[in-house]
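Asks:
Numbering (this note's numbering), first residue to last: 4 to 192.
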């Protein structure tokens, strides 16, 4: 299902690809959020933070703020971090309640496994990260949609993604003007 999601969405909208990848069992297992449950103060259980961290660090905004040309934003001589641990803790609540759901695919007449939401496992708490606020008692599917839309709208996504794309497909050390052209094309759709 992971490869199918890549195949079906590779040349489409990046937000659609992020959404599909979020619901694949492979990613849920690999980044350990499959089966993540709401916090429980009695047992000390906390939501799994793996996917929350990796979706920001590796897939969307990276670790430091970037100018549109991919160069670091500097305050004085220091780079600016894109997120902090509070962002991760809050974002991890979004990905609670996701687990395997077996359904019969009517097109193929066979079982398929996809991630689905289980309301009794999803965190009812509000979620506040980056510039995204998801109110208390928002259901799981809506929480994921709002979170991914908010992350996708972050100013760092175009230059971060453009630089990664260029490095993987054309050159390892792209000049800023090249990154800016690709980032601008990404941002304008």
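Backbone N, C-alpha and C define an ideal beta-carbon position, used for all residues, glycine too.
Roughly how many angstroms lie between the CA atoms of residue 158 and residue 190, to the nearest whole one?
Replies: Stepping through the chain shown from its first residue, residue 158 is reached at position 155. Stepping through the chain shown from its first residue, residue 190 is reached at position 187. One C-alpha to the other measures close to 9 Å.
Asks: Considering only the beta carbon of each residue, do residue 65 and residue 85 sit closer than 8 Å?
Replies: Translated into positions along the chain shown, residue 65 becomes position 62. Translated into positions along the chain shown, residue 85 becomes position 82. Their beta carbons are under 8 Å apart, which means residue 65 touches residue 85 by this criterion.
Asks: Compute the minimum distance between the beta carbon of residue 86 and the heavy atoms of the ligand NAP, and state whether it is under 7 Å.
Replies: The ligand NAP is not part of this structure, which contains no ligands at all.
Asks: With 16 other CB atoms within 10 Å as the buried threshold, where does residue 105 fall?
Replies: By 1-based counting over the chain shown, the position of residue 105 is 102. By the 10 Å Cβ count, residue 105 comes out exposed.
Asks: State buried or exposed for residue 162, treating a residue as buried only when at least 16 other CB atoms are found within 10 Å of its CB.
Replies: On the chain shown, position 159 is the one that residue 162 refers to. It is buried - the Cβ of residue 162 has at least 16 other Cβ atoms within 10 Å.
Asks: Where does the unbroken alpha helix (DSSP H) through residue 189 begin, and where does it stop?
Replies: For this step, residue 189 is matched to residue 186 along the chain shown. 179 to 190 is the span of the alpha helix (DSSP H), which, as asked, contains residue 189.
Asks: Does residue 62 pass the burial test, meaning 16 or more other C-beta atoms within 10 Å, or should it be called exposed?
Replies: Here residue 62 is taken as the residue at index 59 of the chain shown, counted from 1. Classification of residue 62: buried, given that the 10 Å Cβ count is 16 or more.
Asks: Considering only their Cβ atoms, is the gap separating residue 126 from residue 50 smaller than 8 Å?
Replies: On the chain shown, residue 50 is found 47 positions in, with the first residue counted as 1. On the chain shown, residue 126 is found 123 positions in, with the first residue counted as 1. Yes, these two residues count as a Cβ contact at 8 Å.
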